[in-house]
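Read the structure below first, then the notes.
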Amino acid sequence: MDGFAVTRLAIGAAFLLVAAVADVRTRRVPDPVWIGLGSIGLVVLAGEFVQDQIETDAWALLGSAAILFFAIFYGSPLFEEDGFHARPL
Numbered sequence: 049m050d051g052f053a054v055t056r057l058a059i060g061a062a063f064l065l066v067a068a069v070a071d072v073r074t075r076r077v078p079d080p081v082w083i084g085l086g087s088i089g090l091v092v093l094a095g096e097f098v099q100d101q102i103e104t105d106a107w108a109l110l111g112s113a114a115i116l117f118f119a120i121f122y123g124s125p126l127f128e129e130d131g132f133h134a135r136p137l
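Numbering (the working numbering), first residue to last: 49 to 137.
In structure tokens form, the structure reads like this:
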């Protein structure tokens with residue numbers, strides 16, 4: 049395995065262990081755990097792109113994945129109890 053695969057495995061296993069412990073204790077995993085895991089994952093993937101000199105289309109995909117990931121945690125929901133809320137352009 050290469051260095052990035054080992055890094056991804058170690059970080060992922062550590063975060064999932066923390067999530068499993070929190071889930072057993074409270075039946076909820078706090079959002080900061082998932083935000084941390086996703087953020088570190090995006091940084092590791094960007095580092096891998098830099099090392100392997102990946103083309104621009106992959107960077108665009110990484111950027112859109114980051115936007116969608118952070119919108120889940122920091123954006124306002126489109127659907128709530130009182131219905132659908134369209135966002136202004």
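The C-beta atom is built at its ideal place from N, Cα and C for all residues, glycine as well. This structure is a prediction, so every number in the text was calculated from the model and none was measured.
In this structure, V92 lies near F52, with their beta-carbon atoms less than 8 Å apart. Of I102, L110, E96 and E103, the smallest CA-CA separation from T55 is found for E96.
DSSP places E96 in the helix class (H, G or I) of the three-state scheme. Residue S112 holds the alpha-carbon nearest to the alpha-carbon of L90 among A70, S112 and T104. Judged by DSSP secondary structure, V77 falls outside any alpha helix (DSSP H); it is assigned neither H nor E.
Residue state for G131 is assigned as strand, using DSSP reduced to three classes.
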